[in-house]
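Chemist: Sharing a structure here in C-alpha cells format.
There are 2 protein chains.
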Amino acid sequence: MVAYPEPVADHVDRIVAQWGAERPDLDVSPMEVFGRLKRLYRLVDAELNRTFAEHGLDAASFDVLATLKRSGPPYRLTPTGLMQSAMVTSGAITQRLDRLEARGLVTRTRSDQDGRSREVALTPDGHALIDQALPDHLATEHRMLAGLDEAQRTALIETMRVMVADLGGEAE
Amino acid sequence: MVAYPEPVADHVDRIVAQWGAERPDLDVSPMEVFGRLKRLYRLVDAELNRTFAEHGLDAASFDVLATLKRSGPPYRLTPTGLMQSAMVTSGAITQRLDRLEARGLVTRTRSDQDGRSREVALTPDGHALIDQALPDHLATEHRMLAGLDEAQRTALIETMRVMVADLGGEAE
DNA sequence: CACAGTTACCTCAGTGCTAAGGAATTCGGG
DNA sequence: CCCGAATTCCTTAGCACTGAGGTAACTGTG
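Heads up: the protein sequence lines correspond to chains S and B, in order. Using the numbering used here, the first residue of the first sequence is number 1, and each one after it goes up by one. Using the numbering used here, the first residue of the second sequence is number 1001, and each one after it goes up by one.
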C-alpha cells in the first residue's frame, strides 16, 4: 500500500462542495469528471495554441496542414475529406482553406474525375511549415504528459476510448 | 488475468497509424491522449447542449444560472465573480448577463458598498429554470458515465486532477 | 485633500464558427 | 437519354467570444 498524498482541493472540489451544501438531495458526483474535463480541455487548448502561434498558426490551420501531411503522398484531399476529419461544417472548411490559400500554404484545384469536387494540396511552403511546427507541437504534448506515469497514460487512453465509443463518436 | 477484448480501432488509432507511416521518426504517442481528449470534449459538449436546449438554454446561460444557484443564499454574485468562475473575459459576461436580464432570469443592480460594482441575482423565474434544468443535466452526465466502473471513474478524476494542476489550472 | 494608480464593468471591432440555403455537377431509375 | 435526386462546395447572416480600450468609482500616498 503506497501512501499517496491527499489531493489538494481544486476548483472542481469547491464547486461540488457548494452543490452539496445547496442541494444535498442531488448526486453531483459526475461533475468531478465533467468539470475537470472542461477545465483540462481549455488549458490544453490554450497551451497548444501557444505553440501554434510561434509558427504563425492557430489550431484550425494546423489541423488542416497536419491532416494533409499525414495523408501521405500525394498530400491531396478534398474539402469534404478535411471536413469529416476536422468534424466541422463545410462553411468552416471553406473559410480555413481561403486563409491557407491566401498565404500560399495550400492550393485548390478542380478535380478531373468530378467537376463538383476540389483537390486541396500542400504547397512547398505548406510542407515546410508543418514540418517545422509538428516537432514543437509534439514536444508540447509530451511536456503536458510528463506528470503521468505509464499506467496512468494507458488507463486514461482506454477510459476515453470507451467514453468516445459510448457517445457514438465512431458511428459510421 | 482478465481477458479484455482487443479495442476496436477508432479515429485516433487511424491518425496515429498514418503518422507512423509518414513520419516514423517521430513519437506521436501523445496524440493518443490529446486526440481523444478533443473528441471526447466535443461529444460531451454536444450532448450537454442537447439537454440545455430542452430547457431553452445553452451552456453559457446554464453556467451563469448554476453558478448563482450553487453560491447559495442570497444567490448574488458580481460580474467579476462570474467571470472568474466561468474563465471567460469580462466582455463575454456582460453579453451573457444582457441576454439573461432581457429574459427576466437575473437582475443587475448597483452595489451599495462599491459604486463600480454590480450585483447579479437570480429572479424567481431564474430559480425555477435552473431547478428544472439541473436534474436533467445531472441525469445526462450520469448516463455518459454509465460505461465506466468505479475504479475507472476514480482513476480518471485523479489523472485529470494531476494534469490540471500541472498546467497551472489552480495557479493563485 | 489632491490626484495618480487601480479596479469594475461595459463597448466595439474583429474572428471563426454554425445553420440554412444556393449553384454547379453527377448519379440513377424509367 | 432525360430529369429529379443527391452530392460537392461555396455564400451569407447571425452568434458568442476575445482583446483592446473607455468610463466611472474607489484607494492610498504624500
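By construction, the Cβ of each residue, glycine as well, lies at the ideal position given by its N, Cα and C atoms. This one's a predicted model, so the numbers in the text were calculated from it and none came from an experiment.
(1) Quick one, which residues of the stretch 1048-1079 of chain B are near chain S if we go by CB-CB under 8 Å, in chain order?
(2) When the Cα atoms are used, what is the spatial distance from S:G56 to B:D1013?
(3) Which residue marks the beginning of the alpha helix (DSSP H) containing S:V162, and which one marks its end?
(4) Here's the rule: buried if 16 or more other CB atoms are within 10 angstroms of the residue's CB, otherwise exposed. What is S:H137?
(5) Going by beta-carbon coordinates alone, are S:L40 and B:M1160 separated by less than 8 Å?
(6) Based on Cα-Cα distance, which residue from S:L82, S:I130 and S:W19 lies nearest to B:L1134?
(7) Find out if the Cβ-Cβ distance for the pair B:L1167, S:E119 is shorter than 8 Å.
(8) Let me check understanding here. Comparing Cα to Cα, which of S:S111, S:P73, S:K38 and S:R103 lies closest to S:P79?
(9) Please name the residue in B:E1032, B:L1026, B:R1023 and B:A1021 whose C-alpha comes closest to that of S:E158.
(10) What are the partner residues of S:E119, as DSSP defines its beta bridges?
(11) Could you tell me which chain B residues have their CB closer than 8 Å to the CB of S:I157, listed as they occur along the chain?
(12) I want to verify the contact list: residues of chain S whose CB lies under 8 Å from the CB of B:R1110, in sequence order.
(13) Can you tell me whether B:D1125 is buried or exposed? The criterion is at least 16 other CB atoms within 10 Å of its CB, across all chains shown.
(14) Would you mind reading off the limits of the alpha helix (DSSP H) that contains S:T89?
(15) Which bits of chain B does S:R42 rub up against, with CB to CB less than 8 Å?
(16) Tell me, please, whether the CB atom of S:I130 is closer than 8 Å to any CB atom in chain B?
(17) For B:R1099, decide whether its Cβ has a neighbour in chain S, counting only Cβ atoms nearer than 8 Å.
(18) Go to B:V1064, then tell me how far its alpha helix (DSSP H) extends in each direction, as first and last residue.
(19) Identify, in the order they occur along the chain, each residue of the same chain with its Cβ nearer than 8 Å to the Cβ of S:A59, setting aside the five sequence neighbours on each side.
(20) Mind pulling the chain S residues with CB within less than 9 Å of B:Q1095?
(21) Starting from S:P135, find everything on chain B with Cβ-Cβ shorter than 9 Å and list it in chain order.
(22) To which residues of the same chain is S:D63 closer than 6 Å at the C-beta, ignoring the five residues directly before and after it?
(23) Taking the alpha carbon of S:T67 as the reference point, which residue from S:V28, S:I15, S:I93 and S:D149 has its own alpha carbon closest?
(24) Would you say S:E22 faces chain B, with C-beta separation under 8 Å as the test?
(25) From B:H1011 to B:R1036, what distance separates their C-alpha atoms?
Modeler: Walking through what the data contain:
(1) L1048, K1069, R1070, S1071 and G1072
(2) Counting from one through the first sequence, the residue named residue 56 of chain S turns up at place 56. Counting from one through the second sequence, the residue named residue 1013 of chain B turns up at place 13. The straight-line gap from Cα to Cα measures roughly 28 Å.
(3) Within the first sequence, the letter at position 162 stands for residue 162 of chain S. Note, S:V162: alpha helix (DSSP H), E150 to D166.
(4) Translated into positions along the first sequence, residue 137 of chain S becomes position 137. It is buried - the Cβ of S:H137 has at least 16 other Cβ atoms within 10 Å.
(5) If you number the first sequence from 1, residue 40 of chain S lands on position 40. If you number the second sequence from 1, residue 1160 of chain B lands on position 160. For S:L40 and B:M1160, yes; Cβs fall inside 8 Å.
(6) For the purposes of this step, residue 1134 of chain B is taken as residue 134 along the second sequence, with counting starting at 1. Closest option to B:L1134, Cα to Cα, is S:W19.
(7) Position 167 of the second sequence, counted from the start, is the residue given in the question as residue 1167 of chain B. Position 119 of the first sequence, counted from the start, is the residue given in the question as residue 119 of chain S. Going by C-beta atoms, B:L1167 is not nearer than 8 Å to S:E119.
(8) Your numbering for residue 79 of chain S matches position 79 in the first sequence. That would be S:S111, whose Cα lies nearest to the Cα of S:P79.
(9) Taking the first sequence and counting its residues from 1, one reaches residue 158 of chain S at position 158. Of the listed residues, the one whose Cα sits closest to S:E158 is B:E1032.
(10) Within the first sequence, the letter at position 119 stands for residue 119 of chain S. S:E119 pairs with S:T109.
(11) For the purposes of this step, residue 157 of chain S is taken as the residue at position 157 of the first sequence. Under the 8 Å cutoff, chain B gives E1032, V1033 and R1036.
(12) In the second sequence, the residue the question calls residue 1110 of chain B occupies position 110. The premise fails here: B:R1110 is roughly 26 Å from chain S at the closest Cβ pair, so nothing lies under 8 Å.
(13) Taking the first residue of the second sequence as position 1, residue 1125 of chain B is located at position 125. Per the 10 Å Cβ criterion, exposed.
(14) Counting from one through the first sequence, the residue named residue 89 of chain S turns up at place 89. Taken as a continuous stretch (DSSP letters only), S:T89 belongs to no alpha helix (DSSP H), as it is neither H nor E.
(15) As a working note, residue 42 of chain S is residue 42 in the first sequence. Within chain B, the residues near S:R42 are M1087.
(16) By 1-based counting over the first sequence, the position of residue 130 of chain S is 130. Not closer than 8 Å to any Cβ of chain B, the Cβ of S:I130 fails to qualify, so no.
(17) Taking the first residue of the second sequence as position 1, residue 1099 of chain B is located at position 99. For B:R1099, the answer is no, since every Cβ of chain S falls outside 8 Å of its Cβ.
(18) Here residue 1064 of chain B corresponds to residue number 64 of the second sequence, with the count starting at 1. Start and end: A1059 to R1070.
(19) Here the question's residue 59 of chain S lines up with position 59 in the first sequence. So the list reads D45, L48, N49 and F52, once near-sequence residues are dropped.
(20) The residue labelled residue 1095 of chain B in the question sits at position 95 within the second sequence. Correct list: empty, because the minimum Cβ distance to chain S is about 19 Å.
(21) Position 135 of the first sequence, counted from the start, is the residue given in the question as residue 135 of chain S. By Cβ distance, chain B contributes L1026.
(22) For the purposes of this step, residue 63 of chain S is taken as residue 63 along the first sequence, with counting starting at 1. Once the five neighbours on either side are set aside, the close Cβ partners of S:D63 are A86.
(23) The count along the first sequence starts at 1 and reaches residue 67 of chain S at position 67. Closest by alpha carbon: S:I93.
(24) By one-based count along the first sequence, residue 22 of chain S stands at place 22. Output row for S:E22: interface = yes.
(25) For this step, residue 1011 of chain B is matched to residue 11 along the second sequence. For this step, residue 1036 of chain B is matched to residue 36 along the second sequence. Approximately 9 Å, taken between the alpha carbons.
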